[in-house]
Amino acid sequence: MTTLRIAGGQVLRPGMTVERADVLLDQNEGKILAVGPADDLPDADETLDAGDGLVIPGLVNAHCHAAMTLLRGYADDKPLESWLREDIWPVEAELTPEDIHAGTELGLLEMIQSGTTGFADMYYHVEKVVEAVENAGLRARLGHGVVTIGRNEAAAREDFETSLEIAAEFDGAADGRISTAVMPHSLTTVGEEYLEEYIPQTRELGVPLHYHANETEDEVTPIVDERGERPLEYARDMGMTDASDFVAHGVHVDETEIGLLAETGTGVVHCPASNMKLASGMAPVQAMLDAGVTVGLGTDGTASNNDLDMFGEMRDAAMLGKLASNDASAVDAETVVRMATEGSATALGFDSGRIEAGANADLAVIDLTASHLTPRHDLVSHLAYAARGSDVKHTICDGNVLMADREVLIMDETSIREKAEKRAKEAIRRVDN
Ligand SMILES: N[C@@H](CCSC[C@H]1O[C@@H](n2cnc3c(=O)[nH]cnc32)[C@H](O)[C@@H]1O)C(=O)O
Ligand SMILES: [Zn+2]
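In our numbering, the protein residues as written are 677 to 1109.
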């Protein structure tokens, strides 16, 4: 067994307390072996100096479309429907598998540089997303997003069957760092007849479902008008609300749907920056948490954010949550830190998001010497309201050091950025011609 000690730091423990301690990792199993005072822990094969920094669970971005880094800043200042139809979907039609590989690599680089060690991703040409994640050393739940509207039956079936095939083929890949889900895009972009046929096949596969739900009023009204029930009641009737399933957004959920989510255990991934940027609405996060709903945190894609920095997402969640509840004590610092770690990990079914023996060895170490993190009254407050991705100095996933002292060890940053820049511009040229 090869062991790594993260020494000389202060550690964020599951109860959101901070204590001076070392952390001992088993690099073969990718697990945390022990947390405690330096003198109490056995010697390790390797030591990584936390330099009096703050050791936190690696952040988990529970809803993303990583390859959309290629479209960062391409189409801003529009609501969801016109943004997708007029700008995003036309250029996505031009993206090649290699483009998606390049965009995903750029996203993974940004995640490693900002302390994110796990994420959920809905896209296509997922074999290229798998390849990028395998090489980058991160933990991910991946899936092919299914859209059947606007497609003939053969194309619609092919899209859903691709999602099942991908989920079956890659679940457990990368020595277990990769898991999968079947990902119908949303309850209004996938026809009921296909849900009826393919959801049971998903259950046979034993992987969860992930889909966008209740993001905008336009996603809710048609279902209520046509079915006389709420979208998540429809989802439940279609067998899409298991405890292992997780939905993105959940902005326009009413009390009935909050109660349903609390009862089924289906996770909700709150994406505050995307919801604000697309003017989708303000999710009732505090009400969902008070009802016992599992709430994770996600950035969505970088074309509706526009970065993958989960520190910014925590800050947005806290600020928006207070406004949405008209209550400055709502969605407080501890709540958003828990959302970005334990909440997201639970929603994705990762044994990560907490620093205690037996959990995955997914961690980040924050350099506290910055002026914007001074003085150190309350480090949990700093995580929510002051820290930023660029404060992360070490990132570790599955017990492997992916970034040390801000140097990404296993990816060539310059070539990744140059490739993404080139491929993004070429894709835009193709859509403009
Ligand atoms: N098989 C589908 C691809 C679906 S991938 C996931 C889709 O979600 C889109 N997406 C990104 N952000 C959002 C959002 O906030 N709400 C809904 N869809 C989004 C993204 O652009 C992408 O088209 C097809 O061939 O079009
Ligand atoms: Zn999304």
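All residues carry an ideal CB built from backbone N, CA and C; glycine is no exception. Only a predicted model underlies this, so the values are computations on that prediction, with no experimental measurement involved.
- Residue environment analysis places Thr693 among the exposed positions, since fewer than 16 neighbouring C-beta atoms fall within 10 angstroms of its C-beta.
- The Cβ-Cβ distance between Ile1031 and Ile708 falls below 9 Å.
- In this structure the region 706-722 does not touch the region 981-1001; the number of beta carbon pairs closer than 8 Å is below three.
- Excluding sequence positions up to five before and after Leu735, its CB lies within less than 6 Å of the CB of Gly791, Thr792, Met986, Ala1016, all in the same chain and listed in chain order.
- Minimum Cα-Cα distance from Asp753 among the listed residues Lys1069, Glu1018, Ser980 corresponds to Ser980.
- Closest option to Ala1033, judged by alpha-carbon separation, among Asp698, Gly794, Gly684: Asp698.
- Shortest gap from the CB of Val823 to any heavy atom of ligand 1: under 8 Å.
- The alpha-carbon of Asp930 is positioned some 32 Å away from that of Arg748.
- For Gly1029, the shortest C-beta to heavy atom distance toward ligand 1 is 8 Å or greater.
- Sixteen is the threshold: since fewer than 16 other Cβ atoms of the shown chains lie within 10 Å of the Cβ of Gly968, the residue is exposed.
- Less than 9 Å separates the beta-carbon of Thr917 from that of Thr942.
- Shown here, Tyr870 sits in a helix according to DSSP, grouped into three states.
- The DSSP-derived three-state label of Tyr750 is coil.
- Runs of the alpha helix (DSSP H) lying entirely within the region 785-818 and spanning at least 4 residues, in chain order: 802-812.
- In the three-state DSSP reduction, Phe922 falls in the strand class (E or B).
- Contact between the region 677-688 and the region 721-732 is present: 3 or more CB-CB pairs across the two stretches fall below 8 Å.
- With a cutoff of 8 Å, Ser950 counts as near ligand 2, since its C-beta is closer than that to a heavy atom of the ligand.
- The DSSP assignment places complete alpha helix (DSSP H) segments of no fewer than 4 residues inside the region 822-854 at 829-846, in order along the chain.
- When the beta-carbon positions are compared, Thr975 and Ser950 come within less than 9 Å of each other.
- Annotation: Val883 to Ala857 spans about 5 Å, alpha carbon to alpha carbon.
- For Cys947, the distance from the CB to the nearest heavy atom of ligand 1 is below 8 Å.
- According to DSSP, Asp725 shares a beta bridge with Ala683.
- In this structure the region 861-874 touches the region 823-834; the number of beta carbon pairs closer than 8 Å is three or more.
- Boundaries of the alpha helix (DSSP H) around Asn951: 948-953.
- Judged by DSSP in its simplified three-state form, Ile1031 adopts coil rather than helix or strand.
- Between Ile854 and His820, the beta carbon gap of about 14 Å keeps them out of contact (Cβ cut-off 8 Å).
- Between Val923 and the set His861, Ala1100, Val1077, the nearest pair of CA atoms involves His861.
- Under the three-state reduction of DSSP, Thr975 is assigned to coil, being neither helix nor strand.
- With respect to Arg815, Asp983 sits apart: the two C-beta atoms are not nearer than 9 Å.
- Distance from the CA of Val822 to the CA of Asn1002, rounded to the nearest whole angstrom, comes to 37 Å.
- Rounded to whole angstroms, the separation of the alpha carbons of Ala1035 and Asp702 is 11 Å.
- By the criterion of at least three beta-carbon pairs nearer than 8 Å, the region 773-788 is in contact with the region 1079-1098.
- The beta carbon of Ala1021 sits closer than 6 Å to those of Val736, Ser1028, Gly1029, all from its chain and outside the five residues before and after it, given in chain order.
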